[in-house]
Amino acid sequence: MPNNNLEGKNVVIIGGTAGIGLAAAKMASELGANVWAAGRSEGHIATAKEVSGGSFEVRQADTHDAEALDAIFKEAGQIHHLVSAAV
3 MPNNNLEGKN VVIIGGTAGI GLAAAKMASE LGANVWAAGR SEGHIATAKE
53 VSGGSFEVRQ ADTHDAEALD AIFKEAGQIH HLVSAAV
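Residue numbers (the numbering used here): 3 to 89.
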């Protein structure tokens, strides 16, 4: 049986505000992870915030914006898992 315990782990998902990235953010959060989901579309960000219900962090960031990504990485602290689901 696989170990799906993410309890207390810090997970950052770039492209985590829609599609597979959002599904991964929701699942990781349900498995106990501290999640930061980042995306660039204001519409997707609004939807992700609604889906999260406050259970994970949602931030606006473009993969080309090093400052925005750096701010997320600093906020997350030690990152145990980094997922890139951005298109």
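Heads up, the beta-carbon is just placed ideally off N, CA and C, and yes, glycines get one too.
(request) Give me the Cα-Cα distance between I74 and G34, rounded to the nearest whole angstrom. (result) Within the model, the alpha-carbon separation for I74 versus G34 is close to 19 Å.
(message) Can you look up A41 in the DSSP assignment and give me helix, strand or coil?
(response) What sits at residue 41 in the sequence shown is Gly, not Ala. Correct three-state label for G41: strand.
(message) So for L84, helix, strand or coil by DSSP?
(response) In the structure shown, L84 sits in a strand (DSSP, three-state: E or B).
(message) Please return the same chain residues whose Cβ sits closer than 7 Å to the Cβ of D64, not counting the five positions on each side in sequence.
(response) Taking C-beta separations shorter than 7 Å and ignoring five residues to either side along the sequence, the partners of D64 in its chain run R42, A70, following chain order.
(request) Look at the alpha carbon of V53 and the alpha carbon of Q80, and state the distance between them as a whole number of angstroms. (result) Going by C-alpha positions, V53 is about 25 Å away from Q80.
(request) Find the nearest neighbour of A30 within the set N12, E44, A78, judged by alpha-carbon distance. (result) Taking only the C-alpha atoms, the option nearest A30 is N12.
(request) With a threshold of 16 other CB atoms inside 10 Å of the CB of L8, please say whether the residue is buried or exposed. (result) Flag for L8 reads buried.
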